[in-house]
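These notes are about the structure you will find just below.
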Amino acid sequence: MSKIYDWIQEQIDDGISKKEIKRQLKTDGYSKDVINLVDEIETPYEQTLEQKDQRKKIIEVAAVVVVILSLAAGAYYTYGLYYSTTEEGILLNLSKSYGEVTAMQVIGRSMEPTFNEGDIVFIAKSADIFKESFVLIEFETANERFIRRVYATESEEIDPNNPIFADTLLLKQLEFYDYKLPENTIILLGDNPAKSIDSRQYGIVPSTYVVGKVVK
7 MSKIYDWIQE QIDDGISKKE IKRQLKTDGY SKDVINLVDE IETPYEQTLE
57 QKDQRKKIIE VAAVVVVILS LAAGAYYTYG LYYSTTEEGI LLNLSKSYGE
107 VTAMQVIGRS MEPTFNEGDI VFIAKSADIF KESFVLIEFE TANERFIRRV
157 YATESEEIDP NNPIFADTLL LKQLEFYDYK LPENTIILLG DNPAKSIDSR
207 QYGIVPSTYV VGKVVK
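Residue numbers (the working numbering): 7 to 222.
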């Protein structure tokens with residue numbers, strides 16, 4: 007029991023959401039008692055109101071800079087802001103006349119070294135999904151959002167001998183589809199595999215779960 011407790015603590019310290027950890031434990035067949043351990047461990051991101059306010063101010067400053075630069079370039083913003091605090095970060099939305107941009111602060115190490123903890127990334131709504139792009143994913147049932155890299159898109163053939171997929175749920179799903187991704191599906195990976203929960207654990211992802219793309 008101590009080993010699984012240490013593993014849960016490590017995942018929480020690395021910024022993995024409790025819902026993701028529970029999902030992984032359930033997939034691996036752990037008992038309800040083990041899964042309930044997740045709620046007993048305090049996450050380092052359960053912050054005081056003062057800390058949350060400070061983080062909001064940091065993101066707001068970054069967002070205002072983007073607005074100012076866009077105005078200078080001739081873009082017109084309808085300036086609407088709202089905050090949403092989750093275990094994945096603090097979100098600040100900016101609505102503009104030709105779309106919507108979201109500023110998100112990265113929490114956790116799952117996307118290192120591309121995105122480090124504390125980085126602020128900007129995400130635009132887009133229907134286009136390309137291999138190697140970074141997308142914002144939302145799991146409707148869990149009400150979670152996080153960033154992952156698109157490893158493969160629909161109709162792409164996947165090499166079953168790739169060691170990164172060994173003994174994973176994803177490999178079992180791909181075997182059912184003769185190692186070719188079905189239509190309107192994608193494979194997602196974190197850039198730091200040792201610290202990421204991604205398609206290796208939760209399998210093939212419907213492309214409809216993509217709610218935005220990281221813009222650089």
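A virtual CB, placed ideally from N, CA and C, is assigned to each residue, including glycine. Quantities reported herein were computed from a predicted structural model and do not represent experimental measurements.
Alpha carbon to alpha carbon, what distance is there between Thr108 and Leu194?
-> Each residue's Cα considered, the two are about 21 Å apart.
Flag this pair as yes or no: are the beta carbons of Glu144 and Lys25 separated by less than 8 Å?
-> Cβ distance not < 8 Å, so Glu144 and Lys25 don't count as in contact.
Since Ala158 contacts Leu187 with CB under 8 Å, what's their CB separation in whole angstroms?
-> About 6 Å; that satisfies the 8 Å criterion.
Excluding the 5 residues preceding and the 5 following Glu189 in the sequence, name in chain order all residues of the same chain whose CB lies nearer than 6 Å to its CB.
-> Only Glu160 meet the Cβ criterion.
Which whole-angstrom value is the C-beta distance of Ile135 and Val127, which I expect to be below 8 Å?
-> 17 Å between Cβ atoms; not a contact.
Return the first residue and the last residue of the alpha helix (DSSP H) that Phe152 is part of.
-> No alpha helix (DSSP H) holds Phe152; the beta strand (DSSP E) holding it covers Glu150 to Ala158.
Nearest neighbour of Trp13, chosen from Thr33, Ile47 and Lys38 [CA to CA] | Considering only alpha carbons, the answer is Ile47.
Outcome for Phe171 when other beta-carbon atoms lying within 10 angstroms are tallied against a minimum of 16 = A residue is called buried once 16 or more other Cβ atoms fall within 10 Å of its Cβ, and Phe171 is buried on that count.
List the endpoints of the continuous alpha helix (DSSP H) containing Thr33.
-> Per DSSP, Thr33 belongs to the alpha helix (DSSP H) from Lys24 to Thr33.
Among Met117, Lys131 and Thr191, which has the Cα closest to the Cα of Thr3?
-> Lying before the first or after the last residue shown, residue 3 is absent from the chain, which here runs from 7 to 222.
Measure the CB-CB distance between Ser202 and Ser139 and report whether it falls below 8 Å.
-> Inclusion of Ser202 and Ser139 in the CB contact set at 8 Å is not warranted, their separation being larger than that value.
Straight-line gap, Lys28 to Ile41 (C-alpha atoms, nearest Å) = Looking at the backbone, the Cα of Lys28 and that of Ile41 are separated by about 6 Å.
When burial is assigned at 16 or more other CB atoms within 10 Å of the CB, is Phe121 buried or exposed?
-> It counts as buried.
Which of helix, strand or coil DSSP assigns to Ile172 = Per the sequence shown, the amino acid found at residue 172 is Ala instead of Ile. In the structure shown, Ala172 sits in coil (DSSP, three-state: anything other than H, G, I, E or B).
For Asp30, the nearest candidate out of Val211, Ser205, Val221 and Pro212 (CA to CA) = Reading off the sequence, residue 30 comes out as Gln, not Asp. Selected option, being the one with the closest Cα: Ser205.
Cα-Cα separation between Asn167 and Val220, rounded to whole angstroms = Straight-line spacing of the CA atoms in Asn167 and Val220 works out to 30 Å.
C-alpha gap between Glu16 and Ile10, whole angstroms | The C-alpha of Glu16 lies about 10 Å from the C-alpha of Ile10.
Is Ile210 closer than 8 Å to Tyr185 when the C-beta atoms are compared?
-> Their beta carbons are not under 8 Å apart, which means Tyr185 does not touch Ile210 by this criterion.
My understanding is that Lys131 touches Val156, with C-beta atoms under 8 Å, so please give their C-beta distance in whole angstroms.
-> Actually they do not touch by this definition, with Cβ atoms about 16 Å apart.
Would the beta-carbon of Gly114 fall within 8 Å of that of Gly21?
-> In this structure, Gly21 lies closer than 8 Å to Gly114 by Cβ.
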